[in-house]
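Chemist: Supplied in structure tokens, the structure appears directly below.
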Amino acid sequence: MTQEQILDAIKEMTVLQLNDLVKAIEEEFGVTAAAPVAAAAAGGAVEEEQTEFDVVLTSAGDAKIKVIKAVREVTGLGLKEAKALVDEAPKAVKEGVSKEDAEEIKGKLEEVGASVEVK
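Residue 1 is where the sequence shown starts when you use the numbering used here, and the numbers rise one by one after that.
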């Protein structure tokens, strides 16, 4: 396979499929996809303001069907993938989004009865 063919295959994957692929690569090659920790500045640590946030569904609450619909709207996942994400709570709904987007997603999910954390 060429690099271009691999990239084309990745473009067609769902978020859950990409997550599984990353985990498989991490296990196979003993690497991590986590960003490296910033080195401390001489004389003290430099604290950077967080710019990327993860929206984590902690519980679907009583209105599971409404939460699944909201997850589909927010993520663009299919019904099966959205249901799986809700069933596997606590689970990240969106990762690496801006603070404004994270708060908007949190609001939509809480509006339908879900418990959500922004990390």
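Cβ atoms here follow ideal geometry from the backbone N, Cα and C, with glycine treated the same way. Computed from a predicted model, the values in this text were never measured in an experiment.
(1) Can you list, in chain order, the residues of its chain whose CB lies under 6 Å from that of Ala70, leaving out five sequence neighbours each side?
(2) When the distance is taken between beta carbons, is Val55 closer than 7 Å to Lys91?
(3) Contact between the region 61-68 and the region 1-8: three or more CB pairs below 8 Å?
(4) Using three-state DSSP, classify Ala92 as helix, strand or coil.
(5) From the DSSP output, which residues share a beta bridge with Ser98?
(6) To which residues of the same chain is Ala63 closer than 6 Å at the C-beta, ignoring the five residues directly before and after it?
(7) Output the distance between the C-alpha atoms of Lys83 and Arg72, rounded to the nearest integer angstrom.
(8) Which residue or residues does DSSP assign as beta-bridge partners of Leu57?
(9) How should Phe29 be labelled, buried or exposed, when 16 other C-beta atoms within 10 angstroms of its C-beta is the threshold for buried?
(10) Kindly indicate which three-state DSSP category Glu110 falls into: helix, strand or coil?
(11) Can you check whether the CB of Thr58 is closer than 7 Å to the CB of Glu103?
Modeler: Answer, in terms of the structure:
(1) The sequence position of residue 70 within the sequence shown is 70, counting from 1. Answer for Ala70: Lys108, Leu109, Val112, listed in chain order.
(2) Taking the sequence shown and counting its residues from 1, one reaches residue 91 at position 91. Taking the sequence shown and counting its residues from 1, one reaches residue 55 at position 55. Not closer than 7 Å, so no.
(3) Because the criterion of three Cβ pairs below 8 Å is not met, the region 61-68 and the region 1-8 do not touch.
(4) For the purposes of this step, residue 92 is taken as the residue at position 92 of the sequence shown. It is a strand residue.
(5) Against the sequence shown, residue 98 aligns to sequence position 98. As far as DSSP is concerned, Ser98 takes part in no beta bridge.
(6) Along the sequence shown, one-based indexing puts residue 63 at 63. The residues Val112, Gly113, in chain order, have a CB closer than 6 Å to that of Ala63 in the same chain once the five nearest residues on each side in sequence are set aside.
(7) By 1-based counting over the sequence shown, the position of residue 83 is 83. By 1-based counting over the sequence shown, the position of residue 72 is 72. Distance between the alpha carbons of Lys83 and Arg72 is about 9 Å.
(8) Position 57 of the sequence shown holds residue 57. Residue pairing by DSSP places Leu57 opposite Lys91, Val116 in a beta bridge.
(9) Sequence index remark: in the sequence shown, residue 29 carries index 29 (1-based). Residue burial annotation: Phe29 is exposed, with fewer than 16 other C-beta atoms found within 10 angstroms of its C-beta.
(10) In the sequence shown, counting from the first residue as 1, residue 110 sits at position 110. Three-state DSSP puts Glu110 in a helix.
(11) For the purposes of this step, residue 103 is taken as the residue at position 103 of the sequence shown. For the purposes of this step, residue 58 is taken as the residue at position 58 of the sequence shown. Here Glu103 is not near Thr58, since their CB atoms are 7 Å or more apart.
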